[in-house]
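Residue numbers (the numbering used here), protein chains in the order written: chain U, 1 to 212; chain C, 213 to 424; chain X, 425 to 755; chain B, 756 to 1086.
Ideal Cβ placement from N, Cα and C applies to all residues, glycine included.
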Amino acid sequence: MALDVAWALAWVRRTAEVVAEHKVELSELDREIGDGDHGENMNRGFVAVVGKLDALEAPPAQVADVLKLVATTLMSTVGGAAGPLYGTAYLRAAKVTGLESLDASAAVAMLEAALEGIVARGKATTGEKTMVDAWTPATTAAQEVAGNGSSPADVLAAAAAAAEDGAEATIPLVATKGRASYLGERSAGHKDPGATSTAYILRAAADTAAGV
Amino acid sequence: MALDVAWALAWVRRTAEVVAEHKVELSELDREIGDGDHGENMNRGFVAVVGKLDALEAPPAQVADVLKLVATTLMSTVGGAAGPLYGTAYLRAAKVTGLESLDASAAVAMLEAALEGIVARGKATTGEKTMVDAWTPATTAAQEVAGNGSSPADVLAAAAAAAEDGAEATIPLVATKGRASYLGERSAGHKDPGATSTAYILRAAADTAAGV
Amino acid sequence: MKKLINDPSRVVDESVEGFGLAHADLVAVHTDPIFVSRAGGAKPGKVGLVSGGGSGHEPLHAGFVGLGMLDAAVPGAVFTSPTPDAIAPATTAADGGAGVLHIVKNYTGDVLNFETAAELADAEGIEVKAVVVNDDVAVEDSLYTAGRRGVAGTVPVEKIAGAAAERGDDLATVAAVAEKVIKNVRTMGVALTACTVPHAGKPSFDLTESEIEIGIGIHGEPGRHRIPMAPADEITEMLTTPVLDDLGLGSGEQVLLLVNGMGGTPASELYIVYRAARKLIEARGAAVSRSLVGNYVTSLEMQGCSVTVLRLDDELTALWDAPVHTPALRW
Amino acid sequence: MKKLINDPSRVVDESVEGFGLAHADLVAVHTDPIFVSRAGGAKPGKVGLVSGGGSGHEPLHAGFVGLGMLDAAVPGAVFTSPTPDAIAPATTAADGGAGVLHIVKNYTGDVLNFETAAELADAEGIEVKAVVVNDDVAVEDSLYTAGRRGVAGTVPVEKIAGAAAERGDDLATVAAVAEKVIKNVRTMGVALTACTVPHAGKPSFDLTESEIEIGIGIHGEPGRHRIPMAPADEITEMLTTPVLDDLGLGSGEQVLLLVNGMGGTPASELYIVYRAARKLIEARGAAVSRSLVGNYVTSLEMQGCSVTVLRLDDELTALWDAPVHTPALRW
Ligand SMILES: Nc1ncnc2c1ncn2[C@@H]1O[C@H](COP(=O)(O)OP(=O)(O)O)[C@@H](O)[C@H]1O
Ligand SMILES: Nc1ncnc2c1ncn2[C@@H]1O[C@H](COP(=O)(O)OP(=O)(O)O)[C@@H](O)[C@H]1O
Ligand SMILES: [Mg+2]
Ligand SMILES: [Mg+2]
Ligand SMILES: [Mg+2]
Ligand SMILES: [Mg+2]
Chain U
1 MALDVAWALA WVRRTAEVVA EHKVELSELD REIGDGDHGE NMNRGFVAVV
51 GKLDALEAPP AQVADVLKLV ATTLMSTVGG AAGPLYGTAY LRAAKVTGLE
101 SLDASAAVAM LEAALEGIVA RGKATTGEKT MVDAWTPATT AAQEVAGNGS
151 SPADVLAAAA AAAEDGAEAT IPLVATKGRA SYLGERSAGH KDPGATSTAY
201 ILRAAADTAA GV
Chain C
213 MALDVAWALA WVRRTAEVVA EHKVELSELD REIGDGDHGE NMNRGFVAVV
263 GKLDALEAPP AQVADVLKLV ATTLMSTVGG AAGPLYGTAY LRAAKVTGLE
313 SLDASAAVAM LEAALEGIVA RGKATTGEKT MVDAWTPATT AAQEVAGNGS
363 SPADVLAAAA AAAEDGAEAT IPLVATKGRA SYLGERSAGH KDPGATSTAY
413 ILRAAADTAA GV
Chain X
425 MKKLINDPSR VVDESVEGFG LAHADLVAVH TDPIFVSRAG GAKPGKVGLV
475 SGGGSGHEPL HAGFVGLGML DAAVPGAVFT SPTPDAIAPA TTAADGGAGV
525 LHIVKNYTGD VLNFETAAEL ADAEGIEVKA VVVNDDVAVE DSLYTAGRRG
575 VAGTVPVEKI AGAAAERGDD LATVAAVAEK VIKNVRTMGV ALTACTVPHA
625 GKPSFDLTES EIEIGIGIHG EPGRHRIPMA PADEITEMLT TPVLDDLGLG
675 SGEQVLLLVN GMGGTPASEL YIVYRAARKL IEARGAAVSR SLVGNYVTSL
725 EMQGCSVTVL RLDDELTALW DAPVHTPALR W
Chain B
756 MKKLINDPSR VVDESVEGFG LAHADLVAVH TDPIFVSRAG GAKPGKVGLV
806 SGGGSGHEPL HAGFVGLGML DAAVPGAVFT SPTPDAIAPA TTAADGGAGV
856 LHIVKNYTGD VLNFETAAEL ADAEGIEVKA VVVNDDVAVE DSLYTAGRRG
906 VAGTVPVEKI AGAAAERGDD LATVAAVAEK VIKNVRTMGV ALTACTVPHA
956 GKPSFDLTES EIEIGIGIHG EPGRHRIPMA PADEITEMLT TPVLDDLGLG
1006 SGEQVLLLVN GMGGTPASEL YIVYRAARKL IEARGAAVSR SLVGNYVTSL
1056 EMQGCSVTVL RLDDELTALW DAPVHTPALR W
């Protein structure tokens, strides 16, 4: 489907489903190298997002409206590190999405903006075992695919696949940002929860774009 | 052996050994229907008694001196219910032991005095699942045997056997005195720790009298 | 058993030593026999208050030594009443010439040891009266028990009698005030887990992951019955209703509500219980005019709590509000 | 998991409600978003102090709202930093026209959420400064971590900065006082058991009956290393020596010693640790001139403790001694 407001709504609702499904897994990952709340935090946030969407009198007109609603809701319900980081990501993404539906380069711009927002807030670079390790390869892969003249759905598919690989690749890393950094060497051998939730979010984006 | 001061010292030291040996058992019994400290309490007391005996410059002259030392030491080191009860028992017993060695009727008098002391302090009668349920049959058995013209050692042997039976017979009782009474019906099915320690103390008396 | 201790037989000594160092401005620690008294010594002309009992209930009793509360406290071995040879010198230390009140929790061991100590003090010419706290409604007060146990209700008894002594009441009056509190205070407790006495090395009873003990005492002894785990509001109801019924609390009355932690329960849970208990009291048309929530009469690291309700009148309220300055209670 | 709760998702709401009812004389509880402020409202002309963080550390922070300490506290979900939409109105409530100091524990989530809230408050015309508490020496403060965590050292920061605000210092001065405390306070902790976050339903990590975690934080996160169980004096040494070394504590200095319980440890054990820590400090020729022992910054029902040492000078001592009247700290 086209990356229009209907897609944005579908993406967000699908994300809520996927996060709910993987709530325990995400908290479990966080329990190993953090404080065990990441699944609960994300689920609380996306349940609230869906609640707000359901309560809207008029449906949002644009992709940007949907993303802004997600941003403010996550900001005020998730808490922890992930709340402000994802909140900023969606807020920055909202700012670059155009009026109607996104083409491939707009999709890339959206991902770039999200990544920039996360880095601006969290000051992490790649290799620090954070969600940046999922967002960075996702954005790079999206840029490459878009350069080949692919569809917006292909862009998101490439981003999702790269985010999944990026999340897997956090396993051997020693964390140097976020709560996992307190563990030092003991953080190695575990997958980063934030990178994992990023992969789920982008997979939901790709699947809904592909009409799956 | 004659129930003289040497016997009294042997009895007390044997008691200390037996209590140490059965410390865990006594606490375990108390854990089931009380607060789990009876073995620890009794052992603390008799360790202190032995310590005091060892530290004496001159050996005690009479049975009464030994029993008085036991009484005051138990009183100041055992605590709980057992401390004042046993303390009073030994104190009263000390008062009725004569100058030299005990004959059969003096042995009976010693047991009677101990029992009276416990009852005076604790206000328990038989069947309330306390140490009174060991001391009472012990005293009765001693009286009977003494009436038959038996030796002092036989008196103590009869008392010990009756105390052991009395302790066993506390198992089905519902406690109505002491800490076990808080359990109500749930106190049935367990042997009373104080009756059990009484049986050990009287067995030590009999065994040392018999030269075992 | 994992505990922050060095040696089971040294727990009380070392802990009381640390307590004395941390609160040297308020208390003096005596060793051999061990007891704790006010830093300044007895106040001439004031009735002295002495309490004590087995250790493992901290801050009870030593944490309540100070202005407006106790003059001396006697810690026994863990969960074992102290001995007369320690209670007697504590009584002497507390005596300011106006006599001494012994505040005794109703356990055979405590009663007997304090009785003997009172005889010793009497022989020294110190007038001693004793009151026996027996607030635990989990235990039937009948011919067939040693009477009710003394549990968390001991805190308001010590606080209020302490205030009476501080304002200059004589021994008979302080004892009467204490009796009045005892007559109007009731408690019931629950355990979610057992506790482990250091020298025993294993839990005082066995509870599965889905069971709790209702009507627990404070010595790691089992309660009156065992039930499946339930929500906090239901558990609070099981504790509070017997307390209110036994008190015969009626509409228009005012109470102090004390939710006491057993040692291992987070404050957040105690406040959830407080909220539920308060609603039950208000549902009877009574009002909670004074509150206390926290660990005051504990059972080592046991998880659980007790609910204590004290019927207040103007006198008891004023005495409760009077200044207190002790390591564990201060206003 | 056995807890005195009704519903994992209602733990914070119900507990804060109970807290507000029990301490209505001192605090006001706001709901949706949830925060706690002083009962009387902001004091005109006084710098406001706001702190907050994940719940589960009670009495931190709401227990420290009141005269001489915080003006408002913002409890997040259990172990999860609160959100800006709650921190911002708490900041407004705390503002008496002289600006507001945010006291933030150093966790990425706390820092980011307070930062955003400060922007929101700034947009409302409230001047906000923030200090970040990072006293946990278990975490290396290097390029390779998010810096040290903020743990029990938060209590003296809030107390002393609160006293500075109460005496009328301006925002820059209050912030400087807070920074001075932060520069001079260090902590290290140990866990004997893990804790269970209500919605997680299982322990935050697994420890056997013979292991402990050294260098634990306050969020049920594992520590830096795991060692076999050891006597209290040895454990205290492992906590205190890194603290004293990092502080560079020398002979002749004076300190505040805070032995903080993690929630499930009996007071008696905390005093045993206090005794051992005090000896280590005195062995360096330094003196413990102020002490605090108890549950102040907890991790739910975790068993364990932390040792905090604050280097004192005359100013910090006087501010520590200044009156404080909050639910959890009062003198
Ligand atoms: N500085 C940072 N930059 C980017 N991502 C971060 C940073 N710090 C933490 N994260 C991400 O946040 C995730 C943890 O989120 P969450 O568990 O919800 O918050 P908290 O750590 O406060 O409990 C980590 O797995 C990591 O991916
Ligand atoms: N009123 C009483 N009269 C006689 N014996 C009693 C009485 N109360 C308790 N006991 C005895 O004391 C024993 C318990 O002693 P102990 O465990 O040392 O003291 P505590 O009950 O104070 O912990 C009981 O098993 C019982 O035999
Ligand atoms: Mg987390
Ligand atoms: Mg016992
Ligand atoms: Mg006992
Ligand atoms: Mg968190």
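So with Cβ pairs under 8 Å, would you call residue i a contact of chain X?
i: Pro-296 of chain C; result: yes
i: Asn-360 of chain C; result: no
i: Arg-1030 of chain B; result: yes
i: Met-984 of chain B; result: yes
i: Thr-388 of chain C; result: yes
i: Pro-1021 of chain B; result: yes
i: Ala-876 of chain B; result: no
i: Gly-339 of chain C; result: no
Need the endpoints of the alpha helix (DSSP H) that residue i sits in, please.
i: Glu-635 of chain X; result: Note, Glu-635 of chain X: premise wrong, no alpha helix (DSSP H); beta strand (DSSP E) at 635-638.
i: Gln-1009 of chain B; result: Taken as a continuous stretch (DSSP letters only), Gln-1009 of chain B belongs to no alpha helix (DSSP H), being part of the beta strand (DSSP E) at 1009-1016.
i: Ala-8 of chain U; result: 5-21
i: Gly-122 of chain U; result: 104-122
i: Ser-76 of chain U; result: 63-77
i: Ser-439 of chain X; result: 435-446
From what residue to what residue does the beta strand (DSSP E) around residue i run?
i: Val-535 of chain X; result: That residue, Val-535 of chain X, is in no beta strand (DSSP E); its alpha helix (DSSP H) goes 532-547.
i: Ser-1044 of chain B; result: 1042-1049
i: Pro-296 of chain C; result: Premise fails: Pro-296 of chain C lies in the alpha helix (DSSP H), 294-308, not in any beta strand (DSSP E).
i: Gly-45 of chain U; result: Unbroken run through Gly-45 of chain U is the alpha helix (DSSP H), 38-55; no beta strand (DSSP E).
i: Ile-651 of chain X; result: 649-652
Which same chain residues end up closer than 7 Å to residue i when comparing Cβ atoms and leaving out the 5 residues on each side of it in sequence?
i: Asp-449 of chain X; result: Ala-463
i: Ala-432 of chain C; result: Nothing about residue 432 of chain C can be read from this structure; chain C reaches only from 213 to 424.
i: Glu-312 of chain C; result: Asp-216
Which residues in the same chain have their Cβ closer than 6 Å to the Cβ of residue i, if we skip the five residues on either side of it in sequence?
i: Val-122 of chain U; result: Looking at the sequence provided, one finds Gly at residue 122 of chain U rather than Val. Correct list, in chain order: Leu-85.
i: Leu-303 of chain C; result: Ala-283
i: Ala-707 of chain X; result: none
i: Val-78 of chain U; result: Asn-41, Gly-45
i: Ser-317 of chain C; result: Ala-358
i: Thr-991 of chain B; result: Val-1028, Ala-1031, Ala-1032
i: His-974 of chain B; result: Phe-834
i: Gly-970 of chain B; result: Ala-893, Gly-978, Arg-979
With 8 Å set as the bound, which would you pick, yes or no: does the beta-carbon of residue i sit closer than that to a beta-carbon of chain B?
i: Gly-644 of chain X; result: no
i: Asp-133 of chain U; result: no
i: Gln-727 of chain X; result: yes
i: Ala-711 of chain X; result: no
i: Arg-203 of chain U; result: no
Ordered along the chain, which non-local residues of its own chain (more than five positions away) have a Cβ less than 8 Å from that of residue i?
i: Ala-1077 of chain B; result: Gly-823, Ala-918, Glu-921, Arg-922
i: Asp-924 of chain B; result: Val-802, Val-932
Please compile the residues from chain A whose C-beta is within a distance smaller than 8 Å of the C-beta of residue i.
i: Ser-770 of chain B; result: In the displayed structure, chain A is absent; the protein chains listed are U, C, X and B.
Can you confirm whether residue i, when its beta carbon is compared against all beta carbons of chain C, has any partner nearer than 8 Å?
i: Ala-501 of chain X; result: yes
Residues, ordered as in the chain, of the stretch 82-114 of chain U that lie near chain B by beta-carbon distance below 9 Å: Ala-82, Gly-83, Pro-84, Leu-85, Gly-87, Thr-88
Selection of the stretch 798-826 of chain B by Cβ proximity to chain X, strictly under 8 Å: Ser-810, Gly-811, Glu-813, Pro-814, Gly-818
Interface positions of the stretch 757-783 of chain B facing chain X (Cβ-Cβ less than 7 Å), listed along the chain: Lys-757, Lys-758, Leu-759, Ile-760, Asn-761, Val-766, Glu-769, Ser-770, Glu-772, Gly-773, Phe-774, Leu-776, Ala-777
Ranges of the alpha helix (DSSP H) found wholly within the stretch 555-637 of chain X, counting only runs of at least 4: 578-590, 595-607
Contact residues within the stretch 220-246 of chain C, judged by C-beta distance below 7 Å to chain X: Ser-239, Arg-243, Gly-246
Contact list for the stretch 600-630 of chain X against chain C, Cβ threshold 8 Å: Val-621, His-623, Ala-624, Ser-628, Phe-629
Beta strand (DSSP E) segments (min. 3 residues) lying fully within the stretch 473-515 of chain X: 496-502
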